[in-house]
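In the working numbering, the protein residues as written are 351 to 612. Built from N, CA and C at the ideal position, the CB exists for glycine as well. Below: one structure, written as structure tokens.
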Amino acid sequence: MTIISTAADVLRCFSQERQELTLTDVVALRGAPKSSTSRLLRAMREAGLLETVGNSKRYRPSLLLFQLGQLYRAGSSLMARAEDLLSDVVEEAGHSGYVSIRDGREVMGLRYFAGRHALRVGTPIGRRLLAQASATGRSLLARLPDDAVRALFADEFEIPSATAPQTVDDLLRRLAEVRRTGLSESWDESNRGVGALAVAVADPQTEETVSLCVTYPVATITADEKRIIANRLLAGARSIATVMGDRVCHALRAGEPAMQGT
């Protein structure tokens with residue numbers, strides 16, 4: 351493993367719940383030797399990737415990383431369009447939304463839009479979910495051919511709940527439905543009591559791909575609400591895909607989705 355990939359591995363230890371970490375924390379999370387981890391943290395601090403919190407022994411991501419993140423968002427036409435669309439959908443539907451990306455077998459939210467309902471779903475930005483057991487993840491996995499999906503889960507396939515896909519074949523059947531309808535749905539899977547609808551779009555020029563997802567409590571969502579959310583997400587995805595030249599977007603060939611719990 352190179353020093354760059356090792357440093358990236360350290361940065362992945364940070365999350366919304368773990369905004370500051372000590373040497374002991376990083377050692378426990380990575381399972382790496384304390385001596386080499388200590389040297390790595392010092393090198394990352396000297397390079398401007400990390401900074402210490404006051405006079406403590408806690409580390410946090412540096413201002414440089416924050417600035418780079420802002421530049422990424424500002425320079426991404428796809429991200430800007432996705433945020434604009436999802437902001438409108440959340441305002442109309444009242445439920446929370448996320449713009450997310452896939453990292454291997456996991457997905458991670460980059461942008462969160464809080465719903466206005468008193469009972470709403472909120473997952474911290476940076477928290478990772480299983481791609482196979484989330485609407486966001488399946489919207490992104492559906493863009494891969496089946497053999498690539500099988501290869502991705504060849505050595506590991508987690509099953510977080512009875513409502514999540516139980517096998518890779520089960521997952522592939524659900525991905526086929528996403529490709530048919532353009533819409534991905536989860537129902538009480540990775541996050542118990544939570545449902546979601548999602549679509550995925552991409553920018554072929556930059557190879558960026560994002561998922562736009564609206565989440566809600568399964569106990570309170572109505573059939574009419576889900577239809578409104580689904581139609582808005584599909585229409586928005588088609589609009590973005592047309593502008594960006596994303597011919598793989600499944601919303602362009604969407605059929606009538608058979609949604610759960612309705």
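Per DSSP, which residues does residue i bridge with? Please list them.
i, result
"Val-560", "Val-551"
"Pro-567", "Val-544"
"Leu-371", "Tyr-409"
"Glu-535", "Leu-547"
Give every residue of the same chain whose Cβ lies closer than 6 Å to the Cβ of residue i, excluding the five residues on either side of it in the sequence, and list them in chain order.
i, result
"Ala-604", "Thr-531, Gly-532 and Leu-584"
"Tyr-448", "Gly-459, Tyr-462 and Cys-563"
"Lys-407", "Thr-372"
"Ala-591", "Val-551, Cys-599 and Leu-602"
How big is the Cα-Cα spacing for residue i and residue j?
i, j, result
"Lys-576", "Asp-497", "32 Å"
"Ile-509", "Gln-516", "6 Å"
"Leu-371", "Ala-358", "15 Å"
"Thr-486", "Asn-541", "12 Å"
"Ser-365", "Leu-525", "29 Å"
"Asp-453", "Val-560", "11 Å"
"Thr-556", "Ala-548", "21 Å"
"Asp-505", "Val-499", "12 Å"
"Ala-430", "Ala-587", "13 Å"
"Ser-534", "Lys-384", "43 Å"
"Asn-581", "Phe-416", "35 Å"
"Thr-572", "Leu-399", "46 Å"
"Cys-599", "Ala-552", "7 Å"
"Ser-589", "Gly-419", "26 Å"
"Arg-597", "Phe-507", "30 Å"
"Ile-353", "Arg-380", "14 Å"
"Leu-522", "Ser-437", "31 Å"
"Ser-450", "Ala-492", "15 Å"
"Glu-396", "Ser-489", "40 Å"
"Phe-503", "Val-593", "33 Å"
"Asn-405", "Thr-356", "25 Å"
"Ala-619", "Glu-367", "No answer is possible for residue 619: it lies beyond the span of the chain, which begins at 351 and ends at 612."
"Leu-428", "Glu-401", "31 Å"
"Val-376", "Ile-579", "40 Å"
"Asp-574", "Asp-520", "28 Å"
"Arg-389", "Pro-554", "40 Å"
"Glu-442", "Ala-393", "47 Å"
"Cys-363", "Ser-386", "16 Å"
"Ala-501", "Ala-378", "29 Å"
"Val-518", "Leu-435", "32 Å"
For residue i, I'd like the list of residues in its chain whose CB is within less than 8 Å of its CB, leaving aside the five on either flank, ordered along the chain.
i, result
"Leu-469", "With a pLDDT of 48 at Leu-469, under the threshold of 50, the modelled position of this residue cannot be trusted; read the value that follows with caution. So the list reads Pro-567 and Thr-570, once near-sequence residues are dropped."
"Val-403", "Glu-370, Tyr-409 and Arg-410"
"Gly-543", "Pro-567, Val-568 and Ala-569"
"Glu-456", "Arg-478, Leu-479, Leu-480, Ala-481 and Gly-487"
"Leu-414", "Gly-398 and Leu-399"
"Leu-391", "Val-360, Leu-373, Val-376, Leu-400 and Tyr-409"
Name the two residues that bound the continuous beta strand (DSSP E) containing residue i.
i, result
"Leu-400", "400–402"
"Arg-410", "408–411"
Where do the N-terminal and C-terminal ends of the alpha helix (DSSP H) with residue i fall, by residue?
i, result
"Val-360", "353–361"
"Glu-396", "384–396"
"Asp-574", "573–594"
Who are the near neighbours of residue i in its chain, counting only those whose CB is closer than 7 Å to its CB and skipping five residues on each side?
i, result
"Glu-539", "Ala-483, Ser-484, Pro-510, Ser-511, Thr-513 and Ala-514"
"Arg-494", "As written in the sequence, residue 494 is Leu, which differs from the Arg given in the question. There are no such residues."
"Glu-433", "Val-449 and Arg-461"
"Val-528", "Arg-488, Ser-489, Ala-492, Ser-534 and His-600"
"Gly-595", "Pro-554"
"Ser-412", "Gly-398, Leu-399, Leu-400 and Glu-401"
Does any C-beta atom of chain C lie closer than 8 Å to the C-beta of residue i?
i, result
"Val-544", "This model lacks chain C altogether; it includes just one protein chain."
Exercise for the section: Identify every run of the alpha helix (DSSP H) within the segment 457–518, keeping only runs that are complete inside it and at least 4 residues long; order them along the chain. Expected result: 485–491 and 496–502
Problem - 3-residue-minimum beta strand (DSSP E) runs that sit fully inside the segment 426–455, ordered along the chain - result: 446–453
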